[in-house]
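2 protein chains.
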Amino acid sequence: MDKKALFNKWVSFTTSVHQVTHELTQNVKSDSITPVQYNILEYITVSQPVTPSDISNCQHISMPNTSRELKKLSEKNLIEKVTDTEDRRKQYIRLSKDGKIMMDEALAFVEFRFLNRIQNASKEDLEDIDRALDVLQTKLFY
Amino acid sequence: MDKKALFNKWVSFTTSVHQVTHELTQNVKSDSITPVQYNILEYITVSQPVTPSDISNCQHISMPNTSRELKKLSEKNLIEKVTDTEDRRKQYIRLSKDGKIMMDEALAFVEFRFLNRIQNASKEDLEDIDRALDVLQTKLFY
DNA sequence: CCCATTACTTATCATTTGATAACAAAACTA
DNA sequence: TAGTTTTGTTATCAAATGATAAGTAATGGG
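Line by line, the protein sequences are chains D and A. At position 132 of the first sequence (counting the first as 1) the number is 132 in the working numbering, and the numbers step up by one without a gap. At position 5 of the second sequence (counting the first as 1) the number is 5 in the working numbering, and the numbers step up by one without a gap.
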């Protein structure tokens, strides 16, 4: 197996993933939040409950800036903070009711476009895709 | 095949791809250029020669902003512009010698990290990965 | 109890990025 | 050739983002 060729394939693959992701997610976010805020909400949606430190680490945003953006999201009533009862320095962040509604709508929109994209795939294609996602998830993008 | 489940798998997959891509590419770019400028150079590297319009479309940057960033890259001697002889409105953008050196170094660094990541994969694993990349590239991220 | 560490906040500033209006030059079109 | 479209530029402004310094409060280890 030529690892150099595999690298090149990986480069164009990730480029395609980014491009398609952009296509499926463009204009799904409300105008009332910024792109970075949307990313934070998306991360919370998938991983909640999370701490500000988690967000800082995983979204690669400094703690001061994370704190600022969370404050803004809080002021917009999209998230809720709960202090850990064990360690009162820690905060657990969750989507608020409004936040959940906003993200449900956004993800439904993305899902619609996704289903549209695979509408012409045969049963076998879908199974191939499913297997391929598993393979890459476990062996490359772990 | 449950398409809803496939969508969820797709969401976590793309999240992983973005995360791993970030890991492999972090700190590879010179401090003398901004993230957006790096993306433009990367796009030029893969697709050259390209026109400003191509960059604007594919990188989702407005023409005025594309023009501004290209001007900055030009001032840093990282790219060269050549006017089309047939249609003199068009410009073809290429990496300059310096630009090529910069991107070669950056990509070599990314490749090093990539090889590191797959160093423990068996021959069969690599073949699985290779096939999976092909499947997804043709059937999902086309 | 004291000191170091952790988790998070506040304030401030510079830079980057995005958006818009107005323009110029070349090419196409009727 | 006059008007329109395409391709790209310049200028300007506001907003988003990133970086840093300084601070608070809770925890944990001697």
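Each residue gets a CB set at the ideal place from its N, CA and C atoms; glycine is no exception.
task = Classify A:Gln-37 as helix, strand or coil using the three-state DSSP reduction.
result = In this structure, DSSP gives A:Gln-37 a helical state, which the three-state scheme calls helix.
inquiry  = For a cutoff of 8 Å on Cβ pairs, would you count D:Leu-73 as touching chain A?
reply    = Residue-level contact by beta carbon fails for D:Leu-73 and chain A, as no gap is shorter than 8 Å.
ask   = Which one or two residues does DSSP pair with D:Arg-94 in a beta bridge?
value = Answer is D:Glu-80.
request  = Determine, using beta carbons only, whether D:Ser-16 comes closer than 8 Å to chain A.
outcome  = Chain A, which has a Cβ nearer than 8 Å to the Cβ of D:Ser-16, makes this yes.
Range covered by the alpha helix (DSSP H) that runs through D:Gln-19 = Run containing D:Gln-19: 3-25, per the alpha helix (DSSP H) assignment.
inquiry  = At the level of alpha carbons, what is the spacing between D:Ala-5 and A:Glu-42?
reply    = Between the C-alpha atoms of D:Ala-5 and A:Glu-42 there is a straight-line separation of about 18 Å.
request  = Give the range of the alpha helix (DSSP H) segment to which D:Ser-74 is assigned.
outcome  = Taken as a continuous stretch (DSSP letters only), the alpha helix (DSSP H) holding D:Ser-74 covers 63-75.
inquiry  = With three or more beta-carbon pairs closer than 8 Å as the criterion, would you say the region 93-106 of chain D touches the region 65-81 of chain D?
reply    = In short, these stretches touch, since the Cβ pair count reaches three.
message = With distance defined between alpha-carbon atoms, name the residue in A:Gln-119, A:Ser-53, A:Gln-19, A:Leu-24 nearest to D:Asn-57.
response = Cα-wise, what sits closest to D:Asn-57 is A:Gln-19.
ask   = Across which residues does DSSP place A:Val-50 in a beta bridge pair?
value = Answer by DSSP bridge pairing, in chain order: A:Ile-93.
inquiry  = Whole angstroms are fine: how far does the CA of D:His-60 sit from the CA of D:Leu-70?
reply    = Answer to the nearest angstrom: the Cα atoms are 14 Å apart.
message = Suppose contacts are defined by Cβ-Cβ distances below 8 Å. Is A:Ser-16 in contact with D:Gln-48 by that definition?
response = With contacts defined as CB atoms closer than 8 Å, A:Ser-16 and D:Gln-48 fail to qualify as a contacting pair.
key: Chain-ordered chain A contacts of D:Asp-125 [CB-CB under 8 Å]   = In chain order: Lys-139.
key: Interface partners of D:Lys-81 on chain A, CB under 8 Å   = By Cβ distance, chain A contributes nothing, its closest Cβ being about 23 Å from D:Lys-81, past 8 Å.
inquiry  = For D:Leu-73, which residues in the same chain have their Cβ closer than 8 Å to its Cβ, ignoring the five residues on either side in sequence?
reply    = Closer than 8 Å at the Cβ level, and outside the excluded window around D:Leu-73, lie Ile-33, Gln-37, Ile-40, Leu-41, Ile-79, Gly-99.
query = Taking buried to mean at least 16 other C-beta atoms within 10 Å of its own C-beta, is D:Val-110 buried or exposed?
reply = Buried, since its Cβ has 16 or more Cβ neighbours within 10 Å.
query = Mind pulling the chain D residues with CB within less than 8 Å of A:Ser-130?
reply = Note on identity: in this sequence residue 130 of chain A is Asp, with Ser being the wrong assignment. A:Asp-130 reaches chain D at Met-1, Leu-6, Lys-9, counting residues in chain order whose Cβ is nearer than 8 Å.
query = What three-state label does DSSP hand D:Tyr-142 in the structure shown?
reply = In the structure shown, the three-state DSSP call for D:Tyr-142 is coil.
request  = Taking only the alpha-carbon atoms, compute the straight-line gap between D:Ile-55 and D:Tyr-92 and give it to the nearest angstrom.
outcome  = Per the coordinates, the alpha-carbon of D:Ile-55 lies some 11 Å from the alpha-carbon of D:Tyr-92.
Inter-residue CB distance, D:Asp-125 and A:Lys-3 (contact presumed, cutoff 8 Å) = Going by Cβ atoms, the distance from D:Asp-125 to A:Lys-3 rounds to 12 Å, so no, they are not a contact pair.
ask   = Nearest CA to the CA of A:Arg-117: which residue from D:Phe-141, D:Ser-12, D:Asn-27?
value = Out of D:Phe-141, D:Ser-12, D:Asn-27, D:Phe-141 has the C-alpha closest to the C-alpha of A:Arg-117.
key: DSSP three-state assignment for D:Val-28, whether helix, strand or coil   = D:Val-28 falls in the coil class under three-state DSSP.
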